[in-house]
Amino acid sequence: MKKNVLITGANGFIAKNISKLLQENYNVRFLTRRKTNDQEYEWNIDKQEIDVRSLKDVNHIIHLAGANIGEKRWTKERKKLILSSRIDSAKLILNTLIKENISIESFISASAIGYYGTLTSDKIFTETDKHGADFLSHVCLQWENIADEFKTKNIAKRVIKIRTGVTLSEDSNGALSKIKTPIQYHLGACLGSGKQYMPWIHIKDLCSIYKYALENIYLEGAYNAVSPEHTTNKDLTYSIAKHLNKRIWLPNIPSFFIQWVMGERANLLLEGNRISAHKLLESGFYFRYKELDDSLKSLLQ
């Protein structure tokens, strides 16, 4: 009998790709704000309302819900939404499971490499390193803390937290598309110094990591979902240009200009550290796309 997997963040590109990977071997259902088919169930995070039928006989929950961090300027209201869309949504699920006396096998939560702080240094961060001190670190810390409560309150046997880097995909709203578009029109340029690292992962590898976490009962805790290859902003920009048969001829875009346009979230583009994938590799996970060149070839050609 197929096990039941509930995925939040149903309208996101990652959720759609994970569901495609799982649908052959699992019964996949979704939580969404507006139901459109039989596999979807409605919830309202602001009102803390949820269709309890979504949780009946559920075995695993993959929590991907959360407002896009890079989409809009970080006003006070936007910051509040970024935080609440992740934390309050998880609290709603947890409290409902407790109320309905339902336990699950695993709770797998998205997180981000922003956990370590948005900065550039010589350090290579591993899962044992402490969290940073900026806004995004604060978001990731609370995100992971609420995930851990599923185990401390005896609702989930396992909790896995996937700290994701820049996801390279064919999504028109994704990072690759945003970098690729100006390059296609001969307007591409490195950002700031161009020396900041951009830990990345191919969408297919990211989805495989979630499936891997789902199926391997010995996995628990935090895992960095990044390629083993370390890449700078300059490396990424020039590699994309090469695959598009374009040239980068403009000078680097000054940091002060990016900060003026984007405000506080500019650090997402201007800062970046190396992140280790060693723990995931040691667990036995195989990356299909370890190298940037192979990854871009699959997505751009």
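Plus 1256 on top of the position in the sequence shown (first one is 1) and you've got our numbering.
No residue lacks a Cβ here, since even glycine has one placed at the ideal position from N, Cα and C.
It should be emphasised that the depicted structure is a prediction, and the values quoted were computed from it without experimental measurement.
Give me the Cβ distance between H1458 and L1424, rounded to the nearest whole Å; I'm assuming they're in contact under 8 angstroms.
Between the beta-carbon of H1458 and that of L1424 there is about 5 angstroms, and that keeps the pair under the 8 angstroms contact cut.
6 angstroms CB neighbourhood of N1489 in its chain, flanking five on each side removed
Taken in chain order, the residues that qualify are C1446, L1447, G1450, Q1452 and M1454.
Write down the C-beta distance between A1368 and L1392 rounded to the nearest angstrom, noting that I regard them as a contact closer than 8 angstroms.
Confirmed, Cβ separation roughly 7 angstroms.
Pick out whichever of W1505, R1530 and P1484 has its Cα sitting closest to the Cα of E1538.
Closest option to E1538, Cα to Cα, is P1484.
In the DSSP assignment, find the unbroken alpha helix (DSSP H) run with E1405 in it and report its ends.
First-last of the alpha helix (DSSP H) with E1405: F1391 to T1408.
Selection from E1361, N1351 and I1343 that minimises the alpha carbon distance to V1314
Just measuring C-alpha positions, the residue of E1361, N1351 and I1343 sitting nearest V1314 is E1361.
Along the chain, where does the beta strand (DSSP E) that runs through N1480 open and close?
Residue range G1477 to A1481 is occupied by the beta strand (DSSP E) that includes N1480.
Who are the near neighbours of R1285 in its chain, counting only those whose CB is closer than 8 angstroms to its CB and skipping five residues on each side?
Cβ neighbours of R1285 beyond the five flanking positions: N1260, V1261, L1262, I1263, Q1295, E1296, Y1297, S1310 and V1314.
Is the beta carbon of A1346 sitting closer than 9 angstroms to the one on W1399?
Contact flag set, yes.
At a cut of 8 angstroms, does the region 1472-1484 reach the region 1410-1418 through at least three beta carbon pairs?
Because the criterion of three Cβ pairs below 8 angstroms is met, the region 1472-1484 and the region 1410-1418 touch.
Burial state of D1461, where buried means 16 or more other Cβ atoms lie within 10 Å:
Here D1461 is buried. Its C-beta has 16 or more other C-beta atoms within 10 Å.
Bridge partners - H1319, DSSP secondary structure assignment
Answer is S1365.
So, using beta-carbon positions, are N1351 and Q1304 closer together than 9 angstroms?
Less than 9 angstroms separates the beta-carbon of N1351 from that of Q1304.
Let me check one thing: in DSSP terms, what residues is K1259 bridge-paired to?
Beta-bridge partners assigned by DSSP to K1259: Y1282.
Tell me whether the beta-carbon of I1325 lies closer than 9 angstroms to the beta-carbon of R1503.
In this structure, R1503 does not lie closer than 9 angstroms to I1325 by Cβ.
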